[in-house]
Amino acid sequence: MEPFAAVDVIRTKRDGSRLTTEQIDWVVDAYTRGVVAEEQLAALAMAIFLNGMDAEETARWTGAMIESGERLALRVSRPTVDKHSTGGVGDKITLPLAPLVAACGAAVPQLSGRGLGHTGGTLDKLESIPGWRAELSAEEIRDQLETVGAVVCAATPTLAPADRKLYALRDVTATVESVPLIASSIMSKKIAEGAGALVLDVKVGSGAFMKTPEQARELASALVGIGAAHGVATTALLTDMNTPLGRTVGNAVEVAEAVEVLRGGGPDDVVALTLALAREMLTLAGLTGVDPAPVLASGQAYETWCRMIRAQGGDPEAPLPKPEHVHVVTAPESGTLTRLDAYAVGIAAWRLGAGRARKEDPVQAAAGIRCHAKPGERVERGQPLLELHTDTPDTVPAALAALSGAYDVSENSNAPATSGEGIMLETLRS
Ligand code: URA
């Protein structure tokens, strides 16, 4: 006999009251077991979307989702710390960051997802490396963490299964954009993964989930609050996502740019954000005396990258896939590029084949966009502005339509370049 009726739990939240600890534990568990029906959880998710959950309810909801599966017991000899980004356009930071922090002495278990919609997925990017495999067993994750110090792989199916089911339901019931549901979804997977500390990169702007600093601050504060409630030291950085990060958006193109950073080059904004996140991660891991900048410059992080890729069957030296078709968009006039909209570039890359519309769809490894100029830089009329890469040239018109109105070139502008430290907006600590 079940202790509650789903309809009473739905009514409680529909009428604006708090859910009790017992109601939350039961409803999440009963949904995972299939006792609460999809339509009942859909109604509850909508009630939560409309009436919210307070910090205590959200922490408990997260705990119930963690308990729906297994926790990954890491037990490695180094301090463990992970990073999560709420998703952005051109956000390849995990690729240089995980090996960098490992080369500095911490262990980074980065269980990632595939992309859906306009923000790319880390696993899709890494799968453009010949031979690289995303699926690892819990034993392989632990071994690689001990020997290499960094693992980027697919989440194991037993990690927060309630979230997997609920996320799919939210996706089709217009209930994704709820701060307590987003925060509990992210943190249930991260806490179940077992890292001792967590740094969150909360993106703000046109290319992010959170379009305004106020929304991003609310999400960051919910995430940090859940971390504190579950004893996981958590820091959130709010970072700008109005323009793409770096100069590439897509799969193989982003891997190539990450390798440039690991070899001591790469765009200023990617380097600055990688170092800022690495510093926060090392602080939380107790490695306060280690400066990641010389470790990146020395090539040690690149060596760790190569070991990390090889450990998962990939060849870090192999040529990356090249697109069958390249379409160049040129600057309409001479002047300063004052705006390059992240959302539009993300949609265009997705339409070229870099992303997927349904989770079962394949992605094209070579699809994406190369940005020849970043906001604040001078361009001359007719000079390449954007390079569209695809294996399916029939997608180019739709990508160009997404880019219509996405950038401005102005003769008289003193717009600052958006690279470097300018992308860091605020920091919230637990
Ligand atoms: N990412 C997640 O993992 N969950 C959400 O709800 C939104 C983004």
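In terms of the numbering used here, the sequence shown has 430 at position 430, counting the first letter as 1, and numbering is strictly consecutive. Heads up, the beta-carbon is just placed ideally off N, CA and C, and yes, glycines get one too.
Does the beta-carbon of residue i, which I'm using as the reference point, lie nearer than 7 Å to any heavy atom of the ligand URA?
| i | result |
| --- | --- |
| Ser-185 | yes |
| Val-176 | yes |
| Leu-181 | yes |
| Tyr-302 | no |
| Tyr-167 | yes |
Identify the residues that DSSP records as bridge partners of residue i: which are they?
| i | result |
| --- | --- |
| Ala-233 | Ala-197 |
| His-389 | Val-326 and Gly-368 |
| Glu-426 | Leu-238 |
| Ser-17 | DSSP output for Ser-17 lists no bridge partner at all. |
| Arg-339 | Asp-408 |
| Cys-153 | Leu-111 |
| Gly-250 | Gly-368 |
| Lys-442 | This structure cannot speak to residue 442, because the chain is shown only from 1 to 430. |
| Lys-83 | Val-199 |
| Met-210 | Val-204 |
| Val-379 | Gly-335 |
| Pro-96 | Bridge partners of Pro-96: none, in fact. |
Leaving aside the five residues before and after residue i along the sequence, list all residues of the same chain whose C-beta is less than 6 Å from its C-beta, in chain order.
| i | result |
| --- | --- |
| Glu-260 | Gly-266 |
| His-230 | Ile-191 |
| Leu-282 | Cys-104 and Val-290 |
| Gln-312 | Trp-132 and Arg-133 |
| Pro-213 | Val-204 |
| Ala-349 | Val-249, Gly-250, Gly-368 and Ile-369 |
| Ala-252 | Ser-128, Leu-320, Pro-321, Ala-365 and Ala-366 |
| Gly-207 | Gly-88, Val-89, Met-241, Ala-342, Tyr-343 and Gly-346 |
| Thr-158 | Gly-69 and Glu-70 |
Taking buried to mean at least 16 other C-beta atoms within 10 Å of its own C-beta, is residue i buried or exposed?
| i | result |
| --- | --- |
| Gly-264 | exposed |
| Thr-147 | exposed |
| Gly-289 | exposed |
| Gln-383 | exposed |
| Arg-75 | exposed |
| Asp-91 | buried |
| Pro-332 | exposed |
| Lys-322 | exposed |
| Gly-16 | exposed |
| Thr-330 | exposed |
| Pro-444 | Because the chain spans 1 through 430 in this model, residue 444 falls outside it and cannot be assessed. |
| Met-65 | buried |
| Lys-189 | buried |
| Arg-170 | buried |
Can you list, in chain order, the residues of its chain with a C-beta nearer than 7 Å to that of residue i? Leave out the 5 residues immediately preceding and following it.
| i | result |
| --- | --- |
| Ala-398 | Arg-351 |
| Ala-276 | Leu-237 and Met-424 |
| Ala-187 | Note on residue identity: the sequence assigns Met, not Ala, to residue 187. The residues are Thr-62, Leu-223, Ile-226 and Gly-227. |
Less than 8 Å between C-beta atoms, sequence neighbours within five positions excluded: which residues of the same chain meet that for residue i?
| i | result |
| --- | --- |
| Ala-228 | Thr-234 and Ser-430 |
| In the stretch 98-136, which residue ranges form an unbroken alpha helix (DSSP H) of at least 4 residues, counting only runs that do not cross its ends? | As far as the stretch 98-136 is concerned, its whole alpha helix (DSSP H) runs of at least 4 residues are 122-126.
| message | Quick check for students: name the residue ranges of the alpha helix (DSSP H) that lie wholly in the stretch 269-302, counting only runs of 4 or more. | response | For the stretch 269-302, whole alpha helix (DSSP H) runs of length 4 or above, ordered along the chain, are 292-297.
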